[in-house]
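Numbering (the UniProt record's numbering), first residue to last: 1 to 951. Below is one structure, written out as structure tokens; comments come after it.
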Amino acid sequence: MLRRVTVAAVCATRRKLCEAGRELAALWGIETRGRCEDSAAARPFPILAMPGRNKAKSTCSCPDLQPNGQDLGENSRVARLGADESEEEGRRGSLSNAGDPEIVKSPSDPKQYRYIKLQNGLQALLISDLSNMEGKTGNTTDDEEEEEVEEEEEDDDEDSGAEIEDDDEEGFDDEDEFDDEHDDDLDTEDNELEELEERAEARKKTTEKQSAAALCVGVGSFADPDDLPGLAHFLEHMVFMGSLKYPDENGFDAFLKKHGGSDNASTDCERTVFQFDVQRKYFKEALDRWAQFFIHPLMIRDAIDREVEAVDSEYQLARPSDANRKEMLFGSLARPGHPMGKFFWVMAKLKYPFKSNCISTLNNVIAFSCLFPALPSQETLDTLEKWVTEIFSQIPNNGLPRPNFGHLTDPFDTPAFNKLYRVVPIRKIHALTITWALPPQQQHYRVKPLHYISWLVGHEGKGSILSFLRKKCWALALFGGNGETGFEQNSTYSVFSISITLTDEGYEHFYEVAYAVFQYLKMLQKLGPEKRIFEEIRKIEDNEFHYQEQTDPVEYVENMCENMQLYPLQDILTGDQLLFEYKPEVIGEALNQLVPQKANLVLLSGANEGKCDLKEKWFGTQYSIEDIENSWAELWNSNFELNPDLHLPAENKYIATDFTLKAFDCPETEYPVKIVNTPQGCLWYKKDNKFKIPKAYIRFHLISPLIQKSAANVVLFDIFVNILTHNLAEPAYEADVAQLEYKLVAGEHGLIIRVKGFNHKLPLLFQLIIDYLAEFNSTPAVFTMITEQLKKTYFNILIKPETLAKDVRLLILEYARWSMIDKYQALMDGLSLESLLSFVKEFKSQLFVEGLVQGNVTSTESMDFLKYVVDKLNFKPLEQEMPVQFQVVELPSGHHLCKVKALNKGDANSEVTVYYQVIRYQESKRIYAYGAACGKCIKEMLRFSAAPVPI
């Protein structure tokens, strides 16, 4: 769950809520100042993101100040900078920027790292990134920098309708492999990649001037009092609502917004993370404002009702999510007394107990054993250390240990776990999830046994589970492993789950599907761990780490502050990624627990409607509980035979071994240049002269006027691209795991092929895709499987308010557009395999191909990519030029309102889209400023009305 940007409420509370909040705040270490009177100058508490929505690696209930059981204090530096040293000197780099040599980092990482522990016990990781400071004097004027940020915000906020935000939920919402593809059905531009790159570049310009900080509190939802569910979530919200030094409720958000920044927070089962970013020149002041929330946060008595309603709206938004529903049902299977059975959200209708007296001061103060801040910035390490010492030393240490739940072992060793659960989902989907609860695995991070097992279980090449199931047309996708959220990995257990997206036929044979999974696992158990496989995984991860790309500072620092709680100093940057030691006994111990007798099965399907007589307490999920059928239970308990079609993957031929940087064979250019232009196609090329890494990016657009001639053609094109993707899944999987990424997109005017990764083996993957395109074919069974799944995908898009609203908006604006309803109707009317093959033949017969190749590739090599496409497909040029451009209707002056009734009656959420059409460019800045002001007002109105309407 993400905290809303403008939080307009503060903690007032019914006394029982406050008393419990004080206890939880004491564990956090927060010293709060409460007031009896209704005052805007008082308050103290935080928000909660749903545990499991925050990407946590695992939870460690270690002794105080000892992440991963090791006291970092022995390796720490003493905070030592004198208060009289000039900050400006630090900005100019005259102070030391030497990092800690114990911290292992990537050779391509330009940042410097330093770990410190203050006298009050706070442990901090300082991160200095001076790589973008070359040639900068540091004396940019305030006006110049503010103007740059304003322009960048305008660029970043542009929305031409090219993309829809993904519903990137863990679990079932990720299982439908077609949903991501068909979000592109609402694209308005075929050159969406260029647009995204422009926006990314604009963001990068801002990021280069940004500094960020994150703080991880070693307390989460597991610490909620039994009679006050969701308190940690609520506390996460409230902590941002002003401090004694900065009492304005929304002052921090306003400060960040003014200076090009943002803030956020999330709550997991055993951790809560806060983070923000801001323009570099305002970083110190932002740090001080931020730290005050953990020194003297305020509470306003009359704000609690408003904030409870605000947090309740998040819960209402989450209710239609199958992933959240699955998590709550899973938690309910834990033995009584285990915190997994708690409700971690906040629901307004819950009657939190009151007591009449006012809120008194919380005497407990921050427990620094639970706090781990990380701060990346373009300041020197010495400057950062001086600031952290000055600002964070004000937080007193109460010496309280973090809550420890490690004694609550085997929470799912109950009769309720090893059953078959039939569940009615919100979306149209068939899915089978097989789950095992293992002992906590965090201590084995150097071996990563679950990573090794998931690598094999989730493999899609020959001999894999998914390859076998796809050949039978029983499955579309398979995900195996541990999601590393608090729900799946914490100090009491680790989950290993295998989730399979089933076809209609696969749903009818779900027991056979589960049996195939058990046969594969038994094969792995019989063979035992293989060093060849382990070393292959290690090599791929090492390559990725060695040539890692720089990430967004906020995301990076959030990950780092969590890592501080999980790994010793030397492994803070590597512990969550690299494989260090091959220990077959550790892998074997985890593998041998994955047996049918310990597995829990969850079967999601709309076909379960009417068969489920139970309802989950909090999300209202309909489900039923059954024993495994006797015949299958007896078979799984026996020494069943192995499946000869299931075997280990062969050696991966796509792993790069040549990382040589290639010399230029043409003049350097700032932008891509067209080096080939023929009637059949053109090619743009740019050699990398900035990043100097052995990677390349390839994008080809196969343009055809055939697609948009009818709604049926658009649907046939969707089917074609999905079957092509399905056909490539097995042969291209090895390339995918070797960090060679590819994606096929059904654009409005043609097929878009994107390929990127290490350039050494990239041509092999590109040629494989073109070969399968040239020799495209499909069996009747695959055609039926894909079309049936496409019906579900179209339906799922239509029932989402946000995607339906976007489709309607674009239907109004574009001159010629086939709506999702048009496509859904064409698909329901019936299409044949013969019509598909005829369409594909015609599509490939006449094309115009436009390509872009950039990176560590020579111009001669780049021309070979276009030549391979032309030679292999052997198509004719288009009879007339087909420029890929988009025109929209000029709306009449005035205000227009379009209301659309949502198609999902069970979804209480709404979507509001405000569209401004700017005809003259000169008006754009005025419109932007007006829109920003309106948006802020709307958000404030929604917060105070607690209306569950996303903006």
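Yeah, the Cβ is synthetic: ideal placement off N, Cα and C, and Gly gets one too. In this text the structure is predicted, and so the values were computed from the model without any measurement.
Annotation for Lys761: Lys653, Tyr654, Ile655, Ala656, Ala735, Ala738 and Leu740 place their beta carbon closer than 8 Å to its own, counting only its chain and skipping 5 residues before and after. For the 8 Å CB-CB criterion, Leu215 and Ser393 do not form a contact.
Secondary structure at Gly251: helix, using DSSP grouped into helix, strand and coil. About 5 Å separates the beta carbons of Leu287 and Ile391, which is inside the 8 Å limit, making them a contact pair. Around Phe766, the same chain offers Ile698, Val755 and Phe865 as residues with beta carbons nearer than 7 Å, after the five sequence neighbours per side are excluded. In the structure shown, Lys611 adopts coil according to DSSP, grouped into three states.
Runs of beta strand (DSSP E) with 3 or more residues, each lying fully within the stretch 836-880, are found at 848-855, listed in chain order.
Secondary structure note for Lys806: its alpha helix (DSSP H) is the uninterrupted segment Pro801 to Leu813.
Between the alpha carbons of Arg306 and Ile465 lies a distance of about 50 Å. CA-to-CA, the gap between Ser262 and Lys615 works out to about 39 Å. Taken through DSSP and simplified to helix, strand or coil, Lys117 comes out as strand.
Judged by beta-carbon spacing, Ala599 lies beyond the 8 Å limit of Leu502, meaning their Cβ atoms are not closer than that value. Per the DSSP secondary-structure output, Asn689 pairs with nothing in a beta bridge. Fully enclosed beta strand (DSSP E) runs of no fewer than 3 residues occupy 622-626 and 673-678 of the stretch 614-678, in order along the chain. Within the DSSP bridge table, the entry for Ala431 names Thr501 and Leu604 as partners.
Annotation: Leu724 to Tyr772 spans about 7 Å, alpha carbon to alpha carbon.
With respect to the 8 Å criterion, Tyr445 and Ile537 are not classified as neighbours on the basis of their beta carbons. For Ser454, the uninterrupted alpha helix (DSSP H) run begins and ends at Pro449 to Val457, by DSSP. With a cutoff of 8 Å on beta-carbon distance, Phe222 and Pro403 are scored as near each other.
In the displayed model, Lys105 falls within coil according to three-state DSSP, outside both helix and strand. As DSSP reads the structure, Asn264 sits in a beta bridge with Gln275. Just measuring C-alpha positions, the residue of Lys709, Ile786, Val869 and Asp129 sitting nearest Asp822 is Lys709. Counting C-beta pairs with one atom in each stretch, the stretch 561-572 and the stretch 468-478 have fewer than three that are closer than 8 Å, which means they do not touch.
In this structure, Met828 places its C-beta atom within 8 Å of the C-beta atom of Lys791.
Judged by DSSP in its simplified three-state form, Ala816 adopts coil rather than helix or strand. Taking the Cα of Glu530 as reference, the smallest distance to any Cα among Leu813, Leu456 and Arg271 is reached at Leu456. In the DSSP secondary-structure assignment, Val888 is bridged to Glu814. Here Cys561 carries a helix assignment [DSSP, helix/strand/coil]. Here the stretch 609-628 makes no contact with the stretch 477-491; the two share fewer than three CB pairs at distances below 8 Å. For the pair Thr414 and Leu333, the CB atoms are nearer than the 8 Å cut-off. Nearest to Tyr815 by alpha-carbon distance, out of Val849, Leu891 and Glu508, is Leu891. Put simply, the backbone Cα of Pro763 is about 10 Å away from that of Ala696. Counted as a single uninterrupted DSSP element, the alpha helix (DSSP H) harbouring Val517 occupies residues Phe510 to Leu527. A distance below 7 Å between beta-carbons, with the five flanking residues on each side excluded, links Gly99 to the following residues of its chain, in chain order: Gln112, Tyr113, Arg114 and Leu381. When secondary structure is reduced to three states using DSSP, Ser221 falls in the helix class. C-alpha of Phe843 to C-alpha of Asn97: approximately 59 Å in a straight line.
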